[in-house]
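Comments concern the structure below.
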Amino acid sequence: MKKTVLTCVTAALIMGLSGSVYAAEPTVDEQQAELTALKARLAVVEKQIKAQEVKQKRTEESVKKSKDNELKFYGDARIRSIDSGDGYDFEQRVRLNLEKRINKDAFFRVRGIVMNENELGTTGTTDNYNKIDNAYMQFNNLYGDKNSSIKLGRFGHSFGTTGYWSSAGSLGMYDGIEVTTGKVVKISTGFGDWGAAKDNSTTSDKNKTTLNKLEKNVFLKLGYKPNRDTTLQAWHIRETNADASPIDYEVTGLGFKTGVGKNLNLAGDYSKNVAITGDPTGLFFTLAYGDADENKAHSYEARLYYADVDKGNVPGTLNKSINIPCNDVKGPGLSLHYVVTEGVLAEFLTGFNMEKKSTGVDNDNYYRFQVSTKF
Numbered sequence: 001m002k003k004t005v006l007t008c009v010t011a012a013l014i015m016g017l018s019g020s021v022y023a024a025e026p027t028v029d030e031q032q033a034e035l036t037a038l039k040a041r042l043a044v045v046e047k048q049i050k051a052q053e054v055k056q057k058r059t060e061e062s063v064k065k066s067k068d069n070e071l072k073f074y075g076d077a078r079i080r081s082i083d084s085g086d087g088y089d090f091e092q093r094v095r096l097n098l099e100k101r102i103n104k105d106a107f108f109r110v111r112g113i114v115m116n117e118n119e120l121g122t123t124g125t126t127d128n129y130n131k132i133d134n135a136y137m138q139f140n141n142l143y144g145d146k147n148s149s150i151k152l153g154r155f156g157h158s159f160g161t162t163g164y165w166s167s168a169g170s171l172g173m174y175d176g177i178e179v180t181t182g183k184v185v186k187i188s189t190g191f192g193d194w195g196a197a198k199d200n201s202t203t204s205d206k207n208k209t210t211l212n213k214l215e216k217n218v219f220l221k222l223g224y225k226p227n228r229d230t231t232l233q234a235w236h237i238r239e240t241n242a243d244a245s246p247i248d249y250e251v252t253g254l255g256f257k258t259g260v261g262k263n264l265n266l267a268g269d270y271s272k273n274v275a276i277t278g279d280p281t282g283l284f285f286t287l288a289y290g291d292a293d294e295n296k297a298h299s300y301e302a303r304l305y306y307a308d309v310d311k312g313n314v315p316g317t318l319n320k321s322i323n324i325p326c327n328d329v330k331g332p333g334l335s336l337h338y339v340v341t342e343g344v345l346a347e348f349l350t351g352f353n354m355e356k357k358s359t360g361v362d363n364d365n366y367y368r369f370q371v372s373t374k375f
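Residue numbers (the working numbering): 1 to 375.
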């Protein structure tokens, strides 16, 4: 662009300096004077162009900085119908996010659950989940290491690769600190309290006081990505402070996710809780075909599941909404995912021929249909 402008300006100047075809030939001194004048005028034009480029760059940087510093609002909504053997219920969830960038290496984020799983059409429905499940600051690029970060406040955790044990996207409520570093081998560690998570009616608590809550704890996660298609993870979380939260969770887990063919991915998780009698274990696999990308209309995905999870292996609240039921169950499942139009995802999930592991009794088949969107 700059070269084209200079060429045009030069041509115009030369034409302006040229006389008619009948004019006398200029002398050498006159030609030299004209060239000197032309160079001077070109220098002025070039200086003006450079000044304009600098001004434009500053304007672009200012606009970008202004956008980065803006408050960002976004969210998601979901409506679902569930039939777990006693008839269907309609439920809905709406979550709103607010994000503010403090500077290029730091931001603050809040997520509020406006409504969650309250039944449509039921008068006087109570909802214990109208609360803030994420409210944290994150600082990146610690001491010049672009792969490092520290997170402070209330956030979510993902332990494992399938989401069966916990998923950060599904539920936050973890009040604490997490420090992460590493690229090929990623290390995350920290401590906090998950006591803000909703109580579950099924208890593994020895003293029956916390109703399956995982409260004050310390954790360590090791992630390894040997190639673009493969992820490995080892993790450990241990509940602490026996006076305030009886120790009923000390869980170690291993997980993997890898491509096994074109558009085909396999993931699995195994974990054991050694804090309670029997050392309850959990085994969960998913085989997925396709990729339901919410930004790509008519994209799709199908998943096969297999769960073999003992009672007391996982706090039931931490894996809500991710897969088929996967606490105190054994058996297969299936899910289908289809992007109806850009930004609208329809999903069908079912668990069938499953048994309740603690009793051996067959469970009723589980069916779930849901439609979700982001905004």
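Cβ atoms here follow ideal geometry from the backbone N, Cα and C, with glycine treated the same way. Keep in mind that this is a model prediction, so the values were computed, not measured.
Item                                                                                                                                                                            : Value
For Gly-259 and Trp-165, what's the separation of their Cα atoms in angstroms?                                                                                                  : 22 Å
Taking all protein chains shown into account, do 16 or more other C-beta atoms lie within 10 angstroms of the C-beta of Asn-147, making it buried, or fewer, making it exposed? : exposed
Rounded to a whole number of angstroms, what is the C-alpha to C-alpha distance between Asp-175 and Ile-49?                                                                     : 54 Å
Which value, in whole angstroms, describes the spacing of the CA atoms of His-236 and Lys-221?                                                                                  : 7 Å
Any idea what DSSP makes of Ser-204, helix, strand or coil?                                                                                                                     : Any reading at Ser-204 must be qualified, since the residue scores a pLDDT of 43, below 50, and its modelled position is unreliable; the value itself is stated next. Ser-204: coil per DSSP, three-state reduction.
Measure the beta-carbon distance from Thr-252 to Lys-272 and round it to whole angstroms, keeping in mind my assumption that it falls under 8 Å.                                : 6 Å
Output the residue ranges of the beta strand (DSSP E) runs that lie fully inside the region 134-201 and measure 3 residues or longer, sorted by chain position.                 : 145-155, 174-181 and 185-193
What does DSSP give as the partner residue(s) for Ile-237 in the beta ladder?                                                                                                   : Phe-219 and Val-251
Measuring CB to CB, does Glu-239 end up less than 9 Å from Asn-265?                                                                                                             : no
Grab me the residues of Thr-161's own chain with a C-beta within less than 7 Å of its C-beta, minus the 5 sequence neighbours each way, in chain order.                         : Thr-231, Gln-233, Gly-255, Phe-256, Lys-257, Ala-267 and Asp-269
Please report the residue range of the beta strand (DSSP E) in which Phe-285 lies.                                                                                              : 281-290
Use the C-beta contact count for Tyr-366: other C-beta atoms within 10 angstroms, 16 or more gives buried, fewer gives exposed.                                                 : buried
Which two residues bound the contiguous beta strand (DSSP E) that contains His-337?                                                                                             : 329-341
Does the distance from the C-beta atom of Lys-72 to that of Asn-97 stay below 9 Å?                                                                                              : yes
Buried or exposed: which applies to Thr-180, given that a residue is buried once 16 or more other Cβ atoms fall within 10 Å of its Cβ?                                          : buried
Just how far apart, CA to CA, sit Val-371 and Tyr-88?                                                                                                                           : 16 Å
In terms of alpha-carbon separation, which member of Glu-342, Arg-368, Glu-355 and Thr-359 lies closest to Leu-349?                                                             : Arg-368
Among the residues of its own chain, which have a CB less than 8 Å from the CB of Asp-105, if the five just before and after it don't count?                                    : Phe-139, Asn-140 and Asn-141
Should Arg-368 be listed as close to the ligand FAD, given that the test is whether its C-beta is under 8 Å from any heavy atom?                                                : The ligand FAD is not among the ligands present in this structure, which contains no ligands whatsoever.
Of the residues Glu-178, Asp-293 and Arg-303, which one's Cα is nearest the Cα of Thr-341?                                                                                      : Asp-293
For Met-354, which of Pro-332, Val-344 and Leu-336 has the nearest alpha-carbon?                                                                                                : Pro-332
Applying the criterion that 16 or more other CB atoms from any shown protein chain within 10 Å of the CB defines a buried residue, is Val-28 buried or exposed?                 : exposed
Looking at the strands, I want to know which residues DSSP matches up with Val-94.                                                                                              : Ala-77 and Met-115
Which two residues bound the contiguous beta strand (DSSP E) that contains Leu-304?                                                                                             : 300-309
On the CB-based measure, 16 or more other CB atoms within 10 Å of its CB, does Pro-325 come out buried or exposed?                                                              : buried
Using the three-state DSSP reduction, which class does Ser-372 fall into: helix, strand or coil?                                                                                : strand
For a quick check, are the C-beta atoms of Lys-262 and Ala-196 less than 9 Å apart?                                                                                             : no
Count the other C-beta atoms from every protein chain shown that fall within 10 angstroms of the C-beta of Lys-311, then say buried if there are 16 or more, exposed otherwise. : buried
Please classify Asp-29: does DSSP put it in a helix, a strand, or coil?                                                                                                         : helix
Who are the near neighbours of Phe-155 in its chain, counting only those whose CB is closer than 6 Å to its CB and skipping five residues on each side?                         : Asn-134, Tyr-136, Gly-172 and Tyr-174
Rounded to a whole number of angstroms, what is the C-alpha to C-alpha distance between Lys-357 and Ala-288?                                                                    : 25 Å
Can you tell which of Asp-145, Thr-36 and Leu-152 has its C-alpha closest to the C-alpha of Glu-186?                                                                            : It should be noted that the sequence gives Lys, not Glu, for residue 186. The option with the nearest alpha carbon to Lys-186 is Asp-145.
Going by Cα to Cα distance, which pick from Lys-374, Asn-313 and Tyr-306 is closest to Val-339?                                                                                 : Lys-374
In the structure shown, what three-state DSSP assignment does Glu-294 receive?                                                                                                  : coil
Exposed or buried, Leu-214, counting other C-beta atoms within 10 Å across all chains shown (16 or more means buried)?                                                          : buried
Among residues of its own chain, excluding the 5 on either side of His-157, which ones have a beta-carbon nearer than 7 Å to its beta-carbon?                                   : Ser-166, Ala-168 and Tyr-174
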